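I have placed the structure first, in the form of C-alpha cells, so that the comments after it can refer back to it.
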Amino acid sequence: MSGASDVIIVGGGLMGSSAALFLRGHGMSVTLLETDLIGRQASGTNFGNVRRQGRAMHQLPLANRAIAIWRKSRELLGADVEYLQSGHIRVCYRERPELVGAMEEYADQARHEGLDLELLSGNALRDKFPFLGADVLAGSYSATDGHANPRLAAPAFARAAQKLGAIVHENTKIVDAQKLGEDFVVTAADGRRFRAPILLVTAGAWGNALSSQFGEPVPIMPRGPNMSVTEPVPYAILPAVGVMTPLEEETVYFRQVARGNIVLGGSTRGPSFPDAYRAYVLPQNTVSQLKQIRRLAPQLGKLNIIRVWSGIEGYLPDSQPVMGPSATTSGLYYAFGFSGSGFQIGPGVGETMAEIIAKGHTDIPIAPYSVARFAQ
Amino acid sequence: MADPRIIIVGAGPAGVRAAEACVQAGLRPTIIDEGRRDGGQIYRRQPDHFTRPYQKLYGTEAGRAQAVHQAFDAIRDRIDYRPETLVWNIADGHIWTAKATAQEALPFDVLILCTGATDRLMPVKGWNFAGAYSLGGAQVALKSQAVSIGHRVVFMGSGPLLYLVASQYVEAGADVAAVLDTSPFTARVKALPDLLAMPSVLWNGVRLTQALKRAGVAVHHGVTPVEIVGDPHDGLGGLRFRDRGGTERRIACDAVAMGHHLRPEAQLADLARCAFAFDPLTRQWLAERDGDGRASVAGIYLAGDGAKILGARSAEASGRLAALAALADLGLTSDTGEMERLRGDVATYARFARGLARAFPWPAQQAAALPDEAILCRCEGVTAGDLRAVMRETGAQEANRAKAFSRVGMGRCQGRYCGLAAAELIAAEAGIPIEQVGRLRGQAPVKPLTIAIGDDA
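Going down the list, the protein sequences come from chains Z and U.
Using our numbering, you'd call the opening residue of the first sequence number 1 and step up by one each time.
Using our numbering, you'd call the opening residue of the second sequence number 377 and step up by one each time.
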C-alpha cells in the first residue's frame, strides 16, 4: 500500500485541487491523484471566465460561494492567479430581438439570487464599450464578474493544499478503484495502491471510467474548447464579453488580460481524445471563431492571433455536472462533467464537496446534479 | 492514384529540387512559400530592379545559387507557385494557407516540408536592446536590401555562419568591430576528421577566416559573452566579454549579430503530428524520418534544414531524394541508382555537419550561467530570474509546464528564439538531462495570423 488517508481524490483539476485544500481546512487527510500534471486539461485550457451571469439559476448559490473564494484567492493561495473583477457583458444580436426579453427575465430572477445585472441598449453599450460592433442589439452588464488565469489557478490551489499537508501525486494514472470492506482501494497503472474510506472523483472527461466501476455510467462526451490569443496591445478592454445565442457557431467571447493579450474563445468546439491525452483545435473552427469575433468587435480584425489551444473537457447531455454523493456506494462522491463551464464555480465546488464530505450536508442546492439522473 | 496532389512547403534549395523532380515525373506540384521570391533564405533573390551580380551576393556559392534559381525558373510555368503565403495549420489531409486575408484549405496526398531554419540563439544579458540581431537577420538585411545592421558591428556566437556573414559585411564595406567565437580553437582540430568529409567547403571556411584577418578584423576564440550594453531609449552601445584568458574586454559598437548555427523550423511537422526524437549531438528535438525523408506520418516527407541542419548543398540532395521517395511510394517511379547516390551525398553532408557541430559547439553552460536580471524570453520580457523563481515556487521542470507558469516561449515567436536556451536553463537549474525537459509543443498558427482572415467584405 502506497498510502492511506481519510480521502482520496482522483483528478487534479480545479475541482479536485480546491476540494483538497478545503478538506485540509476540515482537518481531514487527503491524497490527490492526477494522471498527468495538475490542471492541464479543462481546468488549465478554458477561457478563464469568472462569470456568474448566464448560469442556470440553480447554479447561482454555488457561483456566489465561488466568487467569495476568488475574491480572497491571493490571500488564500499565497499566489496571484490574475483574478480581476473587471465586469462581464453578455450581448445579443439584432437578428434575435426575442433574446432581450430573455435577458430581462434572467436579470429579474438573478436579482433574487444576489446577482445584480444592468441591461443596456446597443447604443448605450457602445458609448461605454466602443469596441462593440453594430450588430449588437442589447446587453447585460455584470460589474462583479471578471476573469482569472486558468493556467495558474488549479496548480495554485494544489500547492496551497500541499502546504497544508495534502499529499499530491502527479503522473499517477488510476486504472482501478474498488470498495473492499470499509475502504476504497485505488490502483495506479504502475501498481501503487492507495486506500481511504472516502473517494472523491473529480476526473473531468475521465469521470465516467471511474463511476462505471461503481455501476453508475454517465453519458459523458469529451470535447475541446476553441481558444486563441492575440499579441499584446495596450490594456483597454476591462470586461469579458460574450454572445448570447442559440447557435454554437455564434457563441464567441473575449477578454483582455492586464499584460495586453486578448484571449478569444468559442464558436464550434473541437474533438478531444482522453485516451491519447490530446485535444486539437480544428483550423475551420479557428476561421469561424475569428469571423464571429469580427462581428462582435470589428476593430479586433486589425490584430493577429499568435497561438491557439484546446484541452479535454467532459460534457453531459444537459450541460450540468455530476456533483454529489454516489447513489450506489457509501463514501463515494463525484464532481465532474462541468460541460465547459466549471472554471468560475470550481473553488465553490471544492468547498462544497469538502463540506458534504466533512459535515455530511450543505446548504448549496446540488439536487439537479445527482448522478442518479442518468440511472437506467 | 490518377492525379496525386503534391504540396511542397518552401521554395529554398530543398523545395525547388523536390518540385523539379515532381515536374520531371510529369506532375504539377504546388509550392507554397512565405517569401516574395524563390530561393529561400540561403539563396534569397534580391528584389526587382536590384542588380548586384551573383558573385557579389553569394560568393563561393554563386554557381549553386544561380543553378537553383535557374531550376526554379525552368519549372515556374509547370507548377502551382504561391509566394507570400503562410501555411498556418495542417489537419485531416489539408494544409491551411493565408495570403494577406485570403484563406484556403488545400488537400494533399503528399506533403513535402522544406521549411528551412532560423538562427539558434543563446541569450546574452542585453540582447533585448535595439541593435541586437540574429546572424541570419543581419545577412538578410545585406542580401535583400544591401544595408548593414549598424555603423559598427560585432559578430558573436559560433558556427560557419558567424564567419560567413562577418566576411560578407567586410566585403560590403561595413565596419566590423570584431568576431567573437565562443568555441575554442582546439575544438576545430578535434573535429577535423569529420570536417574533411567536404574538403572544399572546409577550405572555403579557412579562406573566410583568413580574409577577415587580412581585413584587420579582430577574431577571438573561446570567448564568454558577458553583456550587451545599452539602454531602452538609444539601443545598444557596446559589448562586454571575457577573452579565453579570462580578461574582461569591452568593445564599442551599435549593432551585434549573434547566433550559434541554426535550428529547424519544424512546427508544420509537429502540427502534422509527426513523431520527434532527441538528437544528443545538437541537443535539439528533430522530427523523425527515414534515410529518404519519410516522416512517421504516411504521406509526409521532410527535407532540407527544416528536417536537420545539414546545409544548403545537402538540402538540394535531400529535397530531390524526398520527392523521389514520394514518387516511388505513389508507384510512379522506382527506386533508382540515383536515390542511392543521393543517400550517399546526404551521408557525406551529415558527416561534415557532425564535424561542424563539434568544431563550433552550442555553449549550453552559457544558458545555465545567465544572470537573473537578463531577459531570457524577449517576446514576453521574462528574465532568467523569473523562470528560476517560477521553478522554485511551482516545481515545474518540463518545458510546456514552465512555459504555462512563466510565459517563457508564449509570445509572438512561440519559443523559436528562446526555447532551446530556456530548456538548457531549466535542465541546469533542475539538475536533469536536457531531454527530460522535453520540447515545446507546436501550436497553430505557425506565424501570427490576422483576425481578418477570410474577410472578403
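Backbone N, C-alpha and C fix where the C-beta goes; we use that ideal spot for every residue, glycine too.
Please read these numbers as outputs of a predicted model, since none were measured by experiment.
As the crow flies, the alpha-carbon of I198/Z is around 46 Å from that of I466/U. When the Cα atoms are used, A148/Z and A702/U turn out to be separated by approximately 48 Å.
Closer than 8 Å to the CB of R223/Z there is not a single CB belonging to chain U. The alpha carbon of T712/U has as its nearest neighbour, out of D668/U, T562/U and R496/U, the alpha carbon of D668/U. Unbroken alpha helix (DSSP H) stretches of 4 residues or longer found wholly inside the region 622 to 695 of chain U: 643 to 647, given in chain order. Look at T826/U: its C-beta is under 8 Å from a C-beta on chain Z.
With a threshold of 8 Å between beta carbons, W472/U makes contact with chain Z. For the options R195/Z, L264/Z, T245/Z and G204/Z, the alpha carbon positioned closest to that of N226/Z is the one of L264/Z.
Take the alpha-carbon of L119/Z and the one of L638/U: they are about 56 Å apart. At a cut-off of 8 Å, the C-beta of N465/U has a neighbouring C-beta in chain Z. Bounds of the beta strand (DSSP E) holding E118/Z are E118 to S121. Contact between the region 793 to 813 of chain U and the region 75 to 93 of chain Z is not established, with fewer than three Cβ pairs separated by less than 8 Å. Residues of the same chain with a CB within less than 8 Å of the CB of L588/U, apart from the 5 flanking positions on each side, are Y539, A542, S543, V546, V552, V555 and V595 in chain order. Contact between D495/U and L511/U is confirmed by a C-beta separation of about 6 Å, below the 8 Å threshold. Between L497/U and V385/U, the beta carbon gap of about 23 Å keeps them out of contact (Cβ cut-off 8 Å).
Contact between K501/U and P739/U is absent: CB atoms are separated by about 14 Å, not below the 8 Å threshold. A direct Cα-to-Cα measurement between A806/U and L37/Z gives close to 17 Å.
Going by beta carbons, T31/Z and F194/Z fall inside the 8 Å limit. When C-beta distances to chain U are compared with 8 Å, the residues of the region 281 to 301 of chain Z below that value are V281, L282, P283, Q284, T286, V287, L290, K291, I293, R294, L300 and G301, in chain order.
At a cut-off of 8 Å, the C-beta of I237/Z has no neighbouring C-beta in chain U. In this structure, D275/Z is the residue among G270/Z, V136/Z and D275/Z with its C-alpha nearest to the C-alpha of V175/Z. In the structure shown, L538/U falls within a helical segment according to DSSP collapsed to helix, strand and coil.
The contact set of G830/U on chain Z, defined by CB atoms closer than 8 Å, consists of V287, L290 and K291 in chain order.
At a cut-off of 8 Å between beta carbons, E231/Z contacts chain U. Listed along the chain, the chain U residues whose CB falls inside 8 Å of the CB of N46/Z amount to none; the nearest CB is some 13 Å away.
Residue environment analysis places W70/Z among the buried positions, since at least 16 neighbouring C-beta atoms fall within 10 angstroms of its C-beta. Identification of residues in the region 769 to 780 of chain U having a C-beta nearer than 7 Å to some C-beta of chain Z yields T770, R777 and A780, given in sequence order.
Closest in alpha carbon position to A633/U, among Q515/U, R564/U, F736/U and A401/U, is Q515/U. Within the region 303 to 317 of chain Z, those residues whose Cβ lies closer than 8 Å to any Cβ of chain U are, in chain order, L303, N304, I305, I306, R307, V308 and W309.
R151/Z reaches chain U at A780 and F781, counting residues in chain order whose Cβ is nearer than 8 Å. In the three-state scheme derived from DSSP, where H, G and I count as helix and E and B as strand, T585/U is classed as helix. Judged by their CB atoms, V599/U and T558/U are nearer to each other than the 8 Å cut-off. Within chain Z, the residues placing a beta-carbon under 7 Å from that of R788/U are E231 and I306, ordered along the chain. Of all residues in the region 149 to 181 of chain Z, only R151, L152, P155 and R159 place a beta-carbon less than 8 Å from a beta-carbon of chain U. Among the residues of chain U, those whose CB is under 7 Å from the CB of L37/Z are R777, following chain order.
In the three-state reduction of the DSSP assignment, P368/Z falls in the helix class, which pools H, G and I.
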